[in-house]
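Novice: Can you keep this structure in mind? I'll have questions shortly.
Numbering (our numbering), first residue to last: 3 to 115.
Have a look at this one:
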């Protein structure tokens with residue numbers, strides 16, 4: 003089996019692990035930025051095999067420049083989306099924020115027994 007056989011390359015901005023809807027960015031974020039091991043990642047995502055996780059890491063190591071650009075674009079997209087949502091929150095979020103500001107949302111009280 004070739005390394006590329008583990009992936010569905012849908013576009014330059016979307017590479018998924020074959021047979022799943024999980025993008026390589028999900029695995030690589032855990033590996034690169036959170037310093038998780040392949041075993042930890044496989045436990046976090048039970049729909050993936052350890053082999054698929056290792057293949058994703060190996061793909062990154064073999065194509066470091068391309069995948070680093072891919073990850074940079076993905077992180078930039080995530081930050082941009084987050085800013086847009088912060089600047090234009092959905093109506094339910096606006097209502098909750100208004101209730102909170104008016105004191106209508108109170109912290110739950112937990113009783114010890």
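The C-beta atom is built at its ideal place from N, Cα and C for all residues, glycine as well.
How many angstroms separate the CA atom of residue 41 from the CA atom of residue 88?
Specialist: 35 Å
Novice: Determine the DSSP secondary structure at residue 117, reduced to helix, strand or coil.
Specialist: Only positions 3 to 115 of the chain appear in this structure, which leaves residue 117 out of reach.
Novice: How should residue 68 be labelled, buried or exposed, when 16 other C-beta atoms within 10 angstroms of its C-beta is the threshold for buried?
Specialist: exposed
Novice: I need the straight-line Cα distance from residue 52 to residue 76, nearest angstrom please.
Specialist: 24 Å
Novice: If I follow the unbroken alpha helix (DSSP H) through residue 29, where does it start and stop?
Specialist: Unbroken alpha helix (DSSP H) run through residue 29: 26-30.
Novice: For residue 25, I'd like the list of residues in its chain whose CB is within less than 7 Å of its CB, leaving aside the five on either flank, ordered along the chain.
Specialist: 16, 17 and 18
Novice: Indicate whether residue 156 and residue 59 have their beta-carbon atoms separated by less than 9 Å.
Specialist: The chain is shown only over 3 to 115; residue 156 falls outside these bounds and no answer can be derived.
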